[in-house]
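2 protein chains.
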Amino acid sequence: MRTVNGYATSTFTATGIASRHDLKWHSRLRDRVLAAITEFVDARCADALAGGPVDVAEDVLRGLLADGKCLRSTFLYVGWRCGADGTDAAIRAAASLEFLHAFALMQDDVMDESPMRRGRPTAHRAFANWHHANGLSGSSTRFGESAAVLLADLCLVWAEQMLRESGVDAAALDRAWPRYDTMRTELAVGQFADLVNDTATFPSLDAVLDVARRKSGNYTVRRPLEIGATLAGCDERQLSALAGYGSAVGEAFQMRDDLLGVFGSPETTGKPAGDDLAARKATSVVAASYQLANDTQRRRLGALMTGGHLTPADITHWQNLIAETGAVEWIEELIERRLTWALDSLDTADFDGEARDALATMAAACTERVA
Amino acid sequence: MRTVNGYATSTFTATGIASRHDLKWHSRLRDRVLAAITEFVDARCADALAGGPVDVAEDVLRGLLADGKCLRSTFLYVGWRCGADGTDAAIRAAASLEFLHAFALMQDDVMDESPMRRGRPTAHRAFANWHHANGLSGSSTRFGESAAVLLADLCLVWAEQMLRESGVDAAALDRAWPRYDTMRTELAVGQFADLVNDTATFPSLDAVLDVARRKSGNYTVRRPLEIGATLAGCDERQLSALAGYGSAVGEAFQMRDDLLGVFGSPETTGKPAGDDLAARKATSVVAASYQLANDTQRRRLGALMTGGHLTPADITHWQNLIAETGAVEWIEELIERRLTWALDSLDTADFDGEARDALATMAAACTERVA
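These protein sequences, in sequence, are chains R and L. Heads up, the final residue of the first sequence is numbered 374 in the working numbering, and it's a clean run with no missing numbers. Heads up, the final residue of the second sequence is numbered 374 in the working numbering, and it's a clean run with no missing numbers.
Laid out in C-alpha cells, this is it:
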C-alpha cells in the first residue's frame, strides 16, 4: 500500500491511485463519513442484527462499510458544497449512499458468484462459511447467497432511512427524493442490462457503454452529485453543469475500472488478476477488443469467451490478445476525452473555488492511470 | 372457484374462504387498490421496464400485482379508517404495500426455489423461461434468479415511492416512517430466521411461532394496521388495541397458512398438495407434530425430514403421521385462542362501527377453516 500525504491511497479509488492530487481533504471527509456510518449502525442496525439468528451478519455489514472508498458519499457531499456550507447533516446524508453501495455490491457479488472483494471473502461467502462452520444442514452456498441478498435488502432500506433521518431539512429532502428514486431505479435496471450483456457473447461497445452510463456512471458520480446539489438548493445552471461533469467522469471511471478488471494487479484491485476475464464479463475493454480485432484475433477471442474453464495461461493469452488489438489505447483515449468534457462542463456555471477544486481532483483521481 | 356474494373467494385469503362474512366491501376496496396499483405502474414502472433489456419484466410485475389478495393493503386501509374517513390518498398509501409484498414474494420464491405461485410460474421461473426462449447463453436458472431478485429490489423501492407520493400529508407520513422502517427491517430479519429454521431439522414450536410473529404476522396484519392508524392520527389507546389484535390475527393467519401448506388442495392454495412438506419447511405444523409425537412417530418424522427425494406416497404418509400426532387439533386450538384474544383486544378502545366490523370480518376471514 502506497501512502500519499499520509493517506493510504489504495483505499481511495477503483484505480487505487491519486498520486498527483492533494487528497487530505478527502481523507478527512472519509473519516467523517465512516464515523457517521458507525453511529447509524450502532443506533439502527445493531439491534436488528445482534443476537439475531445469523450472528455473523453484523460483522459482515461493518466489514463491508468500514473499508469502502466512499466515492459516492464524497460526490454527494461535493455536490452539496456546490450550493451550501458543510454541515454534519450533509455528512450523514452523504454517508447514507454507502449503505446503498453495500446493497449493490452484495447483490452484484451473488449474481457474479464472486468469491473475493477487497481482498476478503464476499458477503455470500462469509455467510456460507458461517453456515458450514456451524454445521447447519442444507447447502452452504445457497444459504450464503440468500443471506447476502437479505442483508443487501436491509442496506437498501437503511440507506433511505439514514438519508431521511440525516437532519437535512424536510423541504430539501422533498426536492431530492425524485432524483433519489431515479438513481435507485436506474441502478437495478442497469443491472438487468448487465445480466443480458453477460449472456450475449460480445455486445457492441456502445451497448456496454450505455449500461456503464446507466448503472455505474450515473450511480457513482452523476446522481450523487445531483442529489447533493439538489439538497443544497443549487440552481438549474449548476445542476446542468454537474450533470455533464458527472456523466463524463462516471463513464471514464467505469472504463478505468474495466481496464483494471483485465490488467490490474491483485494488490491494486483486491481481486485475482484478470478477474473480469475469468468471469467472462462483457466489459468495455472486452467489447472494444472484439470490435477492433482482425478475423484471426476474433476467432481466438470468441473461443476464449465461450470455451470451458480458463487456466492462468488462458487469461494471460487473452490479456495479450486484447493488448494486440489496440483496445487499451482506444479506451484510454475515450477516458481522456471524457475528462476534458467533464472539466469543460464545469466552466458553464459558477462554483466556489473549494468545490471546483474538489471536482477537478475527484475527476482525475477516479480515472487516472495506475502508475 | 366458489363465489360468495358475487365475490370470487379464492382470490381473497390464503385460506381461500370467507364464506360466512360479507366481503362485498373488501371486493370494492380491492378493486380500488388494484386500480391505484395500475395507475402507479403506468406512471412510474412501465417506463423503467418497457423497452428495457428484459422485456418480460413488466408482464411479470403486472401479473404478480394483479391477482394478489390485497390483505396488507386492506389492513392498512382498515387501520386508517380507525382514525379517519376514507380518501383516495389513503387507498394509494394502502396499495403501496402490495409492492412491498411483491418484493417479499419474489425473493422468498427464489430462496425456496418454488416453481409455482398462484397456479403460475414464479417470477424467477418466468425469467428463466424467457432466457431459454430467447436462446441466451449461460444458465437460465441463474439468470432467472438474478432477474427476480432485481425486480424485487425495484418493488421495494417503488413501495416506498408510492407511499411517499400517495398524497397523504407530510406530517402524517413523518409519523408513520419509523413504523414503516421497523416493518421492512423485521421482514428481512424474519426471513434470516426462516433460513436458519429451514436448516435445523426440527425447531421448537416456540421458535417457529417467533419467526411467524416477526415475519408473516407482524408484516401481514399488525404493522399494516398500525401504519394506517398512525397515518390517520389514531391515539395511543387505539394503537395499542390494534397491536394486540394484529399480533394475534397475524399469528393465527400464519398457522392457518401452515395447515394449508400441509393439507390444502392445489385448487385452494395454487400450489401442489403438501408443498411445504415437499420443501421440508419447518412450519408450525411440522414443529408441533414433532413435539407431540411418540418415539416411533418421531423416528418416522425424522426420516421424512432428512431423507432423499419425497414421492407423492411419502407426502401422503407424512400427512397421515402429522394427523395421528394430534398436531392439527393443537394448531386449530391455538388459532381459535388467538381469534378470541384479537376480538378482546378490540374491546379495549373505541372504534367506529364500520371499522370494528371490518376488523372482525377480516380476523375471521384470514383464519377460518377451509370447508
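The beta carbon of each residue, even a glycine, is placed where N, CA and C say it ideally should be. Since we're looking at a predicted model, the values are computed, not measured.
Where residue i falls: helix, strand or coil (DSSP)
i: R:R121; result: coil
i: R:R31; result: helix
i: L:D70; result: coil
i: R:E168; result: coil
i: L:G19; result: Residue placement at L:G19 is poorly supported in this model, since its pLDDT is 39, which falls under 50; the coordinates still yield a value, given next. Three-state result, L:G19: coil.
i: L:L26; result: coil
i: R:G9; result: Reliability fails at R:G9, whose pLDDT of 30 lies under 50, so the model's placement of it is uncertain and the value that follows must be treated cautiously. The answer is coil: DSSP assigns R:G9 none of H, G, I, E or B.
i: R:V44; result: helix
i: L:G305; result: helix
i: R:R283; result: coil
i: R:D58; result: coil
i: R:A290; result: helix
i: L:G147; result: helix
i: R:A39; result: helix
i: R:G86; result: coil
i: R:A276; result: coil
i: L:D353; result: coil
i: R:T14; result: Any reading at R:T14 must be qualified, since the residue scores a pLDDT of 33, below 50, and its modelled position is unreliable; the value itself is stated next. Helix.
i: L:A296; result: coil
i: L:A235; result: coil
i: R:M4; result: Because the pLDDT of R:M4 is 29, which lies under 50, any placement of that residue in the model is unreliable, and the question is left without a value.
N- and C-terminal bounds of the alpha helix (DSSP H) containing residue i
i: R:A93; result: D91 to D115
i: R:H312; result: That residue, R:H312, is in no alpha helix (DSSP H); it is neither H nor E in DSSP.
i: L:S140; result: L:S140 -> no alpha helix (DSSP H), and no H or E assigned at all.
i: L:C369; result: G356 to T370
i: R:G253; result: E239 to F266
i: L:P269; result: P269 to T272
i: R:V331; result: A330 to L349
i: R:N132; result: A126 to A136
i: R:A51; result: A49 to L52
Candidates the options: closest to residue i by CA position
i: L:M109; options: L:T319, L:A49, L:L342 and L:A150; result: L:A150
i: R:L280; options: R:M258, R:T272, R:D317 and R:S250; result: R:D317
i: L:H320; options: L:I334, L:R303 and L:E332; result: L:R303
i: L:L139; options: R:P206, R:T272 and R:R259; result: R:P206
i: L:S268; options: L:R167, L:G122, L:S219 and L:L103; result: L:G122
i: R:G220; options: R:G193, R:A235, R:R240 and R:S243; result: R:G193
i: L:V331; options: L:L262, L:L307, L:A244 and L:A366; result: L:L262
i: R:L362; options: R:G264, R:G55, R:I325 and R:C85; result: R:C85
i: L:M186; options: R:D156, R:R359 and R:E339; result: R:D156
i: R:G147; options: R:L307, R:S243 and R:D112; result: R:D112
i: L:D91; options: L:E168, L:I334 and L:C73; result: L:E168
i: L:G236; options: L:A173, L:M165, L:D70 and L:T314; result: L:A173
i: R:A367; options: R:S143, R:C158 and R:R259; result: R:R259
i: L:I334; options: L:W344, L:S30 and L:E254; result: L:E254
i: R:Q164; options: R:V211, R:A276 and R:V44; result: R:V44
i: R:S287; options: R:T309, R:G329 and R:A246; result: R:G329
i: R:Y248; options: R:V214, R:D62, R:G89 and R:M365; result: R:M365
i: R:L176; options: R:F354, R:T223 and R:A232; result: R:A232
i: R:D58; options: R:K72, R:E101, R:G71 and R:F130; result: R:F130
i: L:A276; options: L:Q322, L:R240 and L:L32; result: L:Q322
i: R:R33; options: R:D70, R:D62 and R:A136; result: R:D70
i: L:E101; options: L:R128, L:G89, L:R75 and L:P124; result: L:R75
i: L:A352; options: L:G170, L:D238, L:M308 and L:P124; result: L:D238
i: L:K337; options: L:F195, L:Y222 and L:A291; result: Before going on, a small fix: residue 337 of chain L reads as Leu here, not Lys. L:L337 has its Cα closest to that of L:A291, out of L:F195, L:Y222 and L:A291.
Integer-rounded CB distance, given that residue j should sit under 8 Å from residue i
i: R:A105; j: R:L67; result: 5 Å
i: R:E327; j: R:Q294; result: At roughly 14 Å, the Cβ-Cβ gap does not stay under 8 Å, so R:E327 and R:Q294 are not in contact.
i: R:L153; j: L:A38; result: So it is not a contact: roughly 32 Å between Cβ atoms.
i: L:E229; j: L:R182; result: 5 Å
i: L:I40; j: L:A107; result: So it is not a contact: roughly 16 Å between Cβ atoms.
i: R:S250; j: R:R217; result: 10 Å between Cβ atoms; not a contact.
i: L:W161; j: L:C48; result: 6 Å
i: L:F256; j: L:T370; result: 6 Å
i: L:A345; j: L:V252; result: 5 Å
i: R:M119; j: R:K274; result: 6 Å
i: L:V211; j: L:A285; result: 6 Å
(request) Please specify which runs of the beta strand (DSSP E), each continuous and at least 3 residues long, are wholly inside the region 154–230 of chain R, giving them in chain order. (result) Restricting attention to beta strand (DSSP E) runs no shorter than 3 residues, the region 154–230 of chain R encloses none.
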